[in-house]
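Here is the structure we will look at.
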Amino acid sequence: KTYDFLREINPPGNRESTGLVTRFGLGLSDGAPDFPVRVRLLTQTDIVKILGNSFLLDFDHQKAEFEGPDGAAIRKRLSELRAKAQPKPVGDLEQDDVLDLIEYFDTFFAGVTAELRTDYWREAIDLAPRLSGHDRARLWSVLWYDFDVLTLDRLGADSGDPLLVRPKQADGRSSPDARLPRSLVCALTAELNVAIDEKPWDFFDHTDLLDFPGARSRLKLANLDDVAKTKGVAEGANPLRELLLRGKVAYLFQRYSAERELSAILLCIPDGNQEVRDLSDMMTAWIDQTIGATPADRAKQKNALFLVLTKMDREFEQKAGETEESRRLRWSARLGNSLINNFRGEWPVNWNGKPFDNSFWLRNPTVIDERLMDYDGGRELGIAAGFAQRAGELRRHFVENDDVRRHFADPSRAWDEAFRANDGGVAYLVKSLIPVCDPAIKRAQVRGQLDVQVRRLVDRLAGFHSASDGDARAKKRDLVHTVLRGLATCIQQQLFGELVGALQITDTALRDIYFRIATARPSDEQVATNGKAGSSVAQSTGAAVDLGAIFADVFGDDAGRSAPPPSGVLEDRAERFAREAAEYWLENMRRVGADEKALS
């Protein structure tokens, strides 16, 4: 049995309620007639990332009434959970999964979660895999300040609308069938696979089409009740659904970008002012990760970003007071709203040494508009006779516009293809898309990113290279000059205070390290640090020494000398504090050194 996706599966009227990715491709069905639809679920760390993303971005933390847990509260929580941890891992969560979680929050929320580095993250690596599901949830809830409403069981009750599912394990084996609430399945689904019955274009032999939910504006709430007052939120909408939806939509794009699933993007932008401000950062991150962060890097790759200007029909609505000049400038206004002013950064005006010009029009031929087109039985015949003269005038204004010439590779063809009967510009867009729907393109993109990482690695290791004395002195001079020039620039831009701050350890971090060591029980002193066993720690104050060796020197006691040395490293609390403070500082310096934005 076949279904029409647009009419029978996809909710019309912008009512997508799940925020999931739809994958269209050949051979996506498992062939089980009783379970024909395959979905890809979120992992438990995916859910933590989504809830954290929503909490940190959909609330205005300058106005919100809640505060994050302090160091003492975090240490108390960790102590309680440490007592409940099992000797061996429980379930399928591994330490690598926790490290991935740390990397996510450090990448996207470094300023917010910085205080978690001293105690929380270090212990979470060891604790999380050994906790039960309930206790693991208590561990992760620190990330959203124990905000109680962020739980899936509060999204609504639909026990009368269950779905029959057949779980499939990673090794391909199937688990027993189960009935689950529809809302739970929707919330936990990352991807819906739709197998197409006919191959529309040859590139589907090796390429899938992914339909992402539209980016959403972040809510910036002071409290949960403000959801109903937010622009763009339907009246009576479930506040928790809105939070989950926005966090999930944003995270899915981040995840698929990080997994290199998106080798090309059709970025569809409608007319009018664009209100989703976070879209700019999302696209810049994808461009940097996939094609290149600089014009020189992007020049080495085929342009896989397609700007598709949708709802072209609205550009032909006649308005009162319209003049010849306003008709000329309307195309500059459209490009300003959709591209130039919509995306921050340099890529719109300097893609590869010249402005971004991979732009296309898209008109919907299924919408009957007799002002623009003539029809026969619902099918388009061509441009309407009554619109032909005005269409020619508007086309001339479009082709002659300087902004259009900068951002359309072929303005004349882009216009003509958009008015192709029963097509609306699709054929032209697909023809342009075919060259980048090639597995070799993804390999080239990955190779380009590897080259960037190699250059960074070489720059890092260059300081450890031992050259001849003359070369070494010259390199040191160059390094000093580079540092001094950078320092001068920093001072001129009045950023010296920020530089000093980046080189220091915060008082709160030092206090957290000290209290963690001072309040640790003897059994806790052996708790792993980043997965490694801790040192033996004496309870004395001052340097720990081998008293047997001292007595042997004073009294000539050979027995004292022959005694085996104590296991581990003799280290008292003061020494441990100094060591961990230094390790924390070095870790922070490495993080700053790897942060391209901070270095710039």
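Going by the numbering used here, the sequence shown opens with residue 40, and the numbers climb by one from there.
Where is the CB? At the ideal position from N, CA and C, for every residue including glycine.
Who pairs with residue i in a beta bridge, going by DSSP?
i: P220; result: P201
i: C307; result: V347
i: G64; result: A234
i: S213; result: K207
i: T228; result: L80
Which of helix, strand or coil does DSSP assign to residue i?
i: A273; result: coil
i: W400; result: strand
i: A457; result: helix
i: P80; result: The question names Pro, but residue 80 is Leu in the sequence shown. Looking at L80 - three-state DSSP - the assignment turns out to be strand.
i: I2; result: Lying outside 40 to 639, the shown extent of the chain, residue 2 is not represented and no answer is given.
i: I422; result: strand
i: K571; result: Since pLDDT at K571 reaches only 46, below the 50 mark, its modelled position is unreliable, and no value is offered.
i: A617; result: helix
i: D611; result: strand
i: K259; result: coil
i: D264; result: helix
i: G253; result: coil
i: T558; result: coil
i: R630; result: helix
i: S302; result: coil
i: Y467; result: helix
i: Y42; result: coil
i: E385; result: coil
i: F437; result: helix
i: A427; result: helix
i: G58; result: coil
i: D187; result: coil
i: E409; result: coil
i: D546; result: helix
i: A71; result: coil
i: D85; result: helix
Flag this pair as yes or no: are the beta carbons of residue i and residue j separated by less than 7 angstroms?
i: F243; j: L65; result: yes
i: W390; j: I326; result: no
i: G91; j: L182; result: yes
i: E162; j: T547; result: no
i: T61; j: D310; result: no
i: G487; j: Q293; result: no
i: S93; j: L260; result: no
i: W370; j: N312; result: no
i: L45; j: N232; result: no
i: F399; j: A466; result: no
i: D158; j: D551; result: yes
i: S256; j: I308; result: no
i: T228; j: V78; result: yes
i: A448; j: D396; result: yes
i: R169; j: A122; result: no
i: G384; j: T323; result: yes
i: D97; j: R366; result: no
i: P450; j: V438; result: yes
Since residue i is in the beta strand (DSSP E), which residue starts that stretch and which ends it?
i: N389; result: No beta strand (DSSP E) contains N389, which DSSP labels as neither H nor E.
i: S448; result: Per the sequence shown, the amino acid found at residue 448 is Ala instead of Ser. Unbroken run through A448: none, as it is neither H nor E.
i: D250; result: L248 to D250
Tell me which residue opens and which closes the alpha helix (DSSP H) that residue i is part of.
i: D241; result: Run containing D241: none; DSSP gives neither H nor E here.
i: D415; result: Here D415 belongs to no alpha helix (DSSP H); instead the beta strand (DSSP E) covers M412 to D415.
i: T146; result: Q134 to F147
i: L291; result: P278 to A297
i: V539; result: F535 to L542
i: Y159; result: Y159 to L166
i: R32; result: Shown here, the chain extends from 40 to 639; a query on residue 32 therefore has no answer.
Consider the Cβ of residue i: report whether some Cβ of chain B lies at a distance smaller than 7 angstroms.
i: S471; result: In the structure shown, chain B cannot be found, because there is only a single protein chain.
Restricting to runs no shorter than 3 residues, where is the beta strand (DSSP E) found entirely within the region 310–377? 344–348
Which runs of the alpha helix (DSSP H) spanning at least 4 residues fall entirely within the region 91–131, listed in chain order? 110–123
| request: At 4 residues or longer, and completely inside the region 469–533: list those alpha helix (DSSP H) runs for me, N to C. | output: 478–501 and 508–531
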